[in-house]
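Under this note's numbering, the first residue of the sequence shown is numbered 44, with each subsequent residue one higher.
Every residue gets a Cβ at the ideal spot worked out from N, C-alpha and C, and that includes glycine.
Each remark here refers to the structure printed beneath this line.
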Amino acid sequence: MSEVIVEVKGKKYVVKTDRRYTETDEWALLENGRIRVGISDYAQKELKDIVSVELPEVGRVVRKGDELGIIDSIKASSSYYAPVSGRIVEVNEELSTTPELLNKDPYGAGWIIVIEPSNPKEYEELYTPEKYSEKIRSGKQH
(Lines of atoms letter the chains of each structure in order from A and count residues from 1; the text may use other names and numbers.)
(Lines give C-alpha, C1' and ligand atoms only; values in the text may rest on other atoms or scores of the structure.)
Protein backbone atom coordinates (compact mmCIF):
# COMPACT_ATOMS: atom_id res chain seq x y z
CA MET A 1 0.00 0.00 0.00
CA SER A 2 1.80 3.10 -1.16
CA GLU A 3 1.33 6.62 0.07
CA VAL A 4 2.39 10.18 -0.50
CA ILE A 5 3.30 12.67 2.19
CA VAL A 6 1.77 16.11 1.76
CA GLU A 7 3.53 18.83 3.73
CA VAL A 8 1.72 22.07 4.53
CA LYS A 9 3.14 24.70 6.89
CA GLY A 10 5.44 22.17 8.55
CA LYS A 11 2.67 19.59 9.11
CA LYS A 12 2.83 16.26 7.29
CA TYR A 13 -0.24 14.37 6.09
CA VAL A 14 -0.36 10.85 4.69
CA VAL A 15 -2.46 10.25 1.56
CA LYS A 16 -2.81 6.56 0.64
CA THR A 17 -2.70 6.00 -3.10
CA ASP A 18 -4.93 2.89 -3.16
CA ARG A 19 -8.18 4.74 -2.46
CA ARG A 20 -10.31 7.75 -3.37
CA TYR A 21 -11.22 10.80 -1.29
CA THR A 22 -14.06 13.27 -0.78
CA GLU A 23 -14.23 17.04 -0.55
CA THR A 24 -15.15 16.52 3.13
CA ASP A 25 -12.03 14.41 3.91
CA GLU A 26 -13.44 10.88 3.94
CA TRP A 27 -11.56 8.09 2.18
CA ALA A 28 -13.19 5.27 0.21
CA LEU A 29 -11.50 1.97 -0.60
CA LEU A 30 -13.03 -0.44 -3.12
CA GLU A 31 -12.80 -4.03 -1.83
CA ASN A 32 -14.60 -6.90 -3.58
CA GLY A 33 -17.37 -4.65 -4.87
CA ARG A 34 -17.91 -2.97 -1.50
CA ILE A 35 -16.54 0.34 -0.28
CA ARG A 36 -14.80 0.70 3.08
CA VAL A 37 -14.97 4.25 4.43
CA GLY A 38 -12.99 6.24 6.99
CA ILE A 39 -11.57 9.69 7.55
CA SER A 40 -8.26 10.83 6.13
CA ASP A 41 -5.05 11.41 8.05
CA TYR A 42 -5.58 15.10 7.35
CA ALA A 43 -9.06 15.03 8.93
CA GLN A 44 -7.95 13.17 12.06
CA LYS A 45 -5.00 15.54 12.59
CA GLU A 46 -7.26 18.58 12.21
CA LEU A 47 -9.72 17.16 14.76
CA LYS A 48 -6.91 16.17 17.16
CA ASP A 49 -7.80 13.76 20.01
CA ILE A 50 -11.01 11.95 19.01
CA VAL A 51 -13.19 10.98 21.99
CA SER A 52 -16.34 9.53 20.38
CA VAL A 53 -17.81 8.43 17.07
CA GLU A 54 -21.50 8.22 16.25
CA LEU A 55 -22.01 5.12 14.07
CA PRO A 56 -24.90 4.68 11.63
CA GLU A 57 -27.10 1.58 11.64
CA VAL A 58 -26.27 -1.45 9.53
CA GLY A 59 -28.88 -1.75 6.78
CA ARG A 60 -29.39 2.00 6.44
CA VAL A 61 -29.67 3.13 2.83
CA VAL A 62 -27.70 6.31 2.14
CA ARG A 63 -27.21 8.69 -0.73
CA LYS A 64 -23.87 10.18 -1.66
CA GLY A 65 -23.29 13.19 0.59
CA ASP A 66 -25.70 12.09 3.36
CA GLU A 67 -24.49 12.79 6.88
CA LEU A 68 -23.61 9.48 8.53
CA GLY A 69 -22.77 10.65 12.03
CA ILE A 70 -20.66 12.92 14.21
CA ILE A 71 -17.05 12.56 15.30
CA ASP A 72 -16.28 14.36 18.57
CA SER A 73 -12.81 15.41 19.58
CA ILE A 74 -11.43 17.52 22.40
CA LYS A 75 -11.21 20.34 19.84
CA ALA A 76 -14.46 20.12 17.86
CA SER A 77 -17.36 18.05 16.57
CA SER A 78 -17.44 17.21 12.90
CA SER A 79 -19.95 15.42 10.71
CA TYR A 80 -18.83 12.74 8.29
CA TYR A 81 -20.58 11.87 5.07
CA ALA A 82 -21.30 9.01 2.68
CA PRO A 83 -18.83 9.10 -0.23
CA VAL A 84 -21.19 6.97 -2.36
CA SER A 85 -24.83 5.88 -2.40
CA GLY A 86 -25.78 2.42 -1.19
CA ARG A 87 -26.56 0.31 1.85
CA ILE A 88 -24.42 0.18 4.97
CA VAL A 89 -23.47 -3.47 5.44
CA GLU A 90 -20.93 -3.17 8.24
CA VAL A 91 -19.88 -0.70 10.94
CA ASN A 92 -16.69 -0.71 12.99
CA GLU A 93 -18.17 -1.39 16.45
CA GLU A 94 -14.68 -1.19 17.95
CA LEU A 95 -14.87 2.60 17.54
CA SER A 96 -17.64 2.69 20.18
CA THR A 97 -15.12 1.79 22.87
CA THR A 98 -11.85 2.89 21.25
CA PRO A 99 -12.59 5.97 19.09
CA GLU A 100 -8.89 6.90 19.26
CA LEU A 101 -8.32 4.28 16.52
CA LEU A 102 -9.29 7.10 14.14
CA ASN A 103 -6.19 8.97 15.32
CA LYS A 104 -3.85 5.98 15.65
CA ASP A 105 -4.70 4.16 12.40
CA PRO A 106 -7.08 6.21 10.21
CA TYR A 107 -6.43 4.07 7.11
CA GLY A 108 -6.51 0.69 8.86
CA ALA A 109 -8.18 -0.28 12.15
CA GLY A 110 -9.86 3.15 12.25
CA TRP A 111 -12.21 2.48 9.32
CA ILE A 112 -15.83 3.49 10.07
CA ILE A 113 -18.28 1.71 7.74
CA VAL A 114 -18.60 -0.52 4.69
CA ILE A 115 -21.14 0.38 1.98
CA GLU A 116 -22.56 -1.88 -0.70
CA PRO A 117 -22.75 0.71 -3.49
CA SER A 118 -25.92 1.16 -5.55
CA ASN A 119 -24.07 3.22 -8.17
CA PRO A 120 -20.44 2.03 -8.49
CA LYS A 121 -19.69 4.92 -10.90
CA GLU A 122 -19.83 7.32 -7.94
CA TYR A 123 -16.58 5.81 -6.66
CA GLU A 124 -14.79 6.81 -9.85
CA GLU A 125 -16.05 10.39 -9.42
CA LEU A 126 -14.29 10.80 -6.06
CA TYR A 127 -10.98 12.63 -5.77
CA THR A 128 -7.90 10.75 -6.89
CA PRO A 129 -5.02 10.75 -4.37
CA GLU A 130 -3.33 13.40 -6.53
CA LYS A 131 -6.36 15.69 -6.56
CA TYR A 132 -6.90 15.19 -2.82
CA SER A 133 -3.24 16.04 -2.16
CA GLU A 134 -3.74 19.28 -4.14
CA LYS A 135 -6.83 20.06 -2.03
CA ILE A 136 -4.81 19.70 1.19
CA ARG A 137 -1.98 21.85 -0.20
CA SER A 138 -4.43 24.56 -1.26
CA GLY A 139 -5.92 24.71 2.24
CA LYS A 140 -9.49 24.61 0.91
CA GLN A 141 -11.84 23.37 3.61
CA HIS A 142 -15.35 22.02 3.13
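Which runs of the alpha helix (DSSP H) at least 4 residues long sit entirely within the segment 113 to 178? Give them in chain order. 137 to 140, 144 to 147 and 164 to 168
Quick check: Leu-98 and Val-105, are their CB atoms within less than 8 Å of each other? Along the sequence shown, read from residue 1 onward, the residue named residue 98 stands at position 55. Along the sequence shown, read from residue 1 onward, the residue named residue 105 stands at position 62. Not in contact: Leu-98 and Val-105 (Cβ atoms no closer than 8 Å).
According to DSSP, which residues form a beta bridge with Lys-54? Within the sequence shown, numbered from 1, the residue matching residue 54 stands at position 11. Val-51, per the DSSP bridge assignment.
Mind checking Ile-93: buried by the 16 CB within 10 Å criterion, or exposed? Here residue 93 is taken as the residue at index 50 of the sequence shown, counted from 1. Burial call: buried.
In the segment 64 to 100, which residue ranges form an unbroken alpha helix (DSSP H) of at least 4 residues, counting only runs that do not cross its ends? 84 to 90
Judging by CA-CA distance, which residue of Val-134, Leu-90, Glu-133 and Thr-141 is the nearest neighbour of Thr-67? To locate residue 67, count along the sequence shown from 1; it is residue 24. It is Leu-90.
Cα-Cα separation, Val-49 to Arg-180: For the purposes of this step, residue 49 is identified with residue 6 of the sequence shown, where counting begins at 1. For the purposes of this step, residue 180 is identified with residue 137 of the sequence shown, where counting begins at 1. If I take the Cα positions, the gap works out to 7 Å.
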